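This report concerns only the one structure given below.
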Amino acid sequence: MKLFKPQSVTSASRIRGVLEAFRDDVCESVGTDLKSLVVYGAFIRNQGAENQGAIVNVMLVLGKTDSQTLDKLAAPIATATNKIPLSVMTLTPTELHSSCDVFPIKFQEMQLHYRVLTGEDVLCDLRISDEHLRLRCEQRLKNALLRLRAAYLLHNLSSEHLQAVLFDAHAHLICDMGACLMVKCGMQPEDAGDVADTFADEFGITVDVLTAIDAMKISNSTTDREDVKSIYDRFMRLVEEASATIDKLEIE
Amino acid sequence: MSVGGSTRIKKICTCGKKYLVRAELGGKRGKCKCGSVFTVPKHAAKPAARTKKCPWCSVKIEISRVSCQDCERRKMRTSLANRTLPAVEWKIASIAVTTAMLVLVCAIWQSYLNETHFFLLYGCFLALCFLGGILTRVIGFTRKLVMVIALGFIVVGAVRYSHDVTLGIQQFHGLRLMMVFGTIAIALAPFIDVLLGGIEKRSEESHLSNCSAAEWGNIRSGYSGPSITPGYGSHYVGTSGFMAGGCTSSSCGGCAG
Ligand SMILES: [Zn+2]
Ligand SMILES: [Zn+2]
């Protein structure tokens, strides 16, 4: 039960302060075992703007990841998570480099928006293979399609639920589109709108439905059920087309 | 095991649009959305670390520095602003203690008040304090409001006394305790959600997230601040249960997938 929520929005400068204190605490507690501390994702993307409660993602690259080292991290993480919505990922440098085959999209997304708070820049020389990127992208798109259908079967009577599913899936589709572009052209724009437009141009797939979803997001009210269903249908077709295209995409 | 592949470089067009480019394309031409053609920079070998970028504003700084001068100044300002926070809490605590003592004194003054009336009056003030606590959180009123109400309680007692309306309460047994601990309740009223949050957090911990990866992936608990909006970096778990099984999102903060 939550009686009421605090109204104050976590300001960017406050988050910076907490992150800097977190860095100092982690440096102090794990010492030379800390190879790198990287902040990535939405907070870096929206630098300067007020952070509307989005999660602050942090990657800790550690020389050792045994329970003793993790124990040392517990206190700094607890202090920081009490102040900001922090999400921490811990890896060793070897794990990071050897995981590019299984998490290529995740790492590529990280490369788009990140800052090194201390230590080496471990993200700049990650080697991501196009075939892994393509495979992962195809898997994600097909997975999304299955989930979209499952969600439709479950929620087709509620336009609010369908809308929520669409908003969620939309953000992830943009990410997949970026990966598709990287596979095909070797470059992807940073801006989400540009990603969708470039994707449409490069693959000859209409992405108008994304504009409709954006409009729905902005209007912030529940759209008519039939309208939502039609948008949902168009969105499913877009994902279907995208997954079929990436399936056939040849790697040079 | 990851074999082969290529690194990525960032290219900013003159129009300001940013691109992530495969390093192999270094030296080749790329086209921006704005129409202009740019040359992709060649991937430079890691510079002999003399300088690095400030993590917040990308200004070049000496390797030994943590951030640039501007950012350090900003940090100082923020920490100064933060330092005033405990001072405010301290003030509130001292107000609470003073209030407690004053209420005790007033209680003795008010000891002639009818007991039922006194309880009613006291209950009203507690309700006001509780409401004030909610307002401080929801509408953004300062916590001082709660203190004002608490002090109002005393003022009412003082006014009653000055007007000689001190009839009533003769028995002062349990009431004394209520007067003391009641003020503590008043002081704690604004933090009721934090107290409830603590209980809530513990019960939440027993529920595992939809995403199996959350069990081992990321640590994300204990935060009691503003609500978290789903989006980049959040689990691919919609309110609608879009992600019923494992998480497949690349941008998921909860797992690397
Ligand atoms: Zn341009
Ligand atoms: Zn700076």
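Residue numbers (my numbering), protein chains in the order written: chain G, 1 to 252; chain V, 253 to 509.
Glycine included, every Cβ here is placed at the ideal spot set by N, Cα and C.
For clarity, every value in this text was computed on a predicted model and none was experimentally measured.
- Here arginine 260 (chain V) is near arginine 274 (chain V), since their CB atoms are less than 8 Å apart.
- By DSSP's assignment, isoleucine 128 (chain G) forms a beta bridge with V:Ser258.
- When C-beta distances to chain V are compared with 8 Å, the residues of the region 66-90 of chain G below that value are Ile77, Ala78, Thr81, Asn82, Lys83, Ile84, Pro85, Leu86, Ser87, Val88 and Met89, in chain order.
- In the DSSP assignment, proline 76 (chain G) falls within the alpha helix (DSSP H) that extends over 67-83.
- Boundaries of the beta strand (DSSP E) harbouring isoleucine 313 (chain V): 312-314, taken from the DSSP string.
- Under DSSP, valine 61 (chain G) forms a beta bridge with G:Ser36 and G:Leu91.
- Using a Cβ distance threshold of 8 Å, valine 26 (chain G) and valine 39 (chain G) do not count as a contacting pair.
- Cα atoms of tyrosine 114 (chain G) and phenylalanine 43 (chain G): separation of roughly 9 Å, rounded to the nearest angstrom.
- Judged by the Cβ position, serine 316 (chain V) fails to qualify as a neighbour of ligand 2 at the 7 Å threshold, every heavy atom of the ligand being at least this far.
- Ligand 1 approaches cysteine 265 (chain V) closely enough that one of its heavy atoms is under 7 Å from the residue's Cβ.
- Secondary structure at glutamine 111 (chain G): helix, using DSSP grouped into helix, strand and coil.
- In chain order, Val183 and Ile251 place their CB closer than 7 Å to the CB of aspartate 130 (chain G), counting only its own chain and leaving out the 5 sequence neighbours on each side.
- Valine 122 (chain G) and proline 76 (chain G) do not touch by the CB rule: their CB atoms are close to 19 Å apart, not below 8 Å.
- As the crow flies, the alpha-carbon of alanine 179 (chain G) is around 10 Å from that of cysteine 185 (chain G).
- The C-beta distance from isoleucine 174 (chain G) to arginine 140 (chain G) rounds to 12 Å, too long to fall under 8 Å, and the pair is not in contact.
- Contact residues of the region 185-211 of chain G toward chain V are Gly186, Met187, Gln188, Pro189, Glu190, Asp191, Asp194, Asp197 and Thr198 (C-beta to C-beta distance below 8 Å).
- Listed by position in the chain, the residues whose beta carbon lies within less than 7 Å of some heavy atom of ligand 2 are V:Cys306, V:Trp308, V:Cys309, V:Val311, V:Ser319, V:Cys320, V:Asp322 and V:Cys323.
- At least one heavy atom of ligand 1 falls within 7 Å of the beta-carbon of cysteine 286 (chain V).
- Contact residues of the region 123-134 of chain G toward chain V are Cys124, Asp125, Leu126, Arg127, Ile128, Ser129, Asp130 and His132 (C-beta to C-beta distance below 8 Å).
- DSSP places glycine 193 (chain G) inside the alpha helix (DSSP H), whose first and last residues are 192-203.
- A direct Cα-Cα distance of roughly 21 Å separates lysine 64 (chain G) from cysteine 124 (chain G).
- With respect to the 8 Å criterion, leucine 145 (chain G) and valine 228 (chain G) are not classified as neighbours on the basis of their beta carbons.
- Within the DSSP bridge table, the entry for lysine 270 (chain V) names V:Ile264 as partners.
- No Cβ of chain V is located within less than 8 Å of the beta carbon of valine 228 (chain G).
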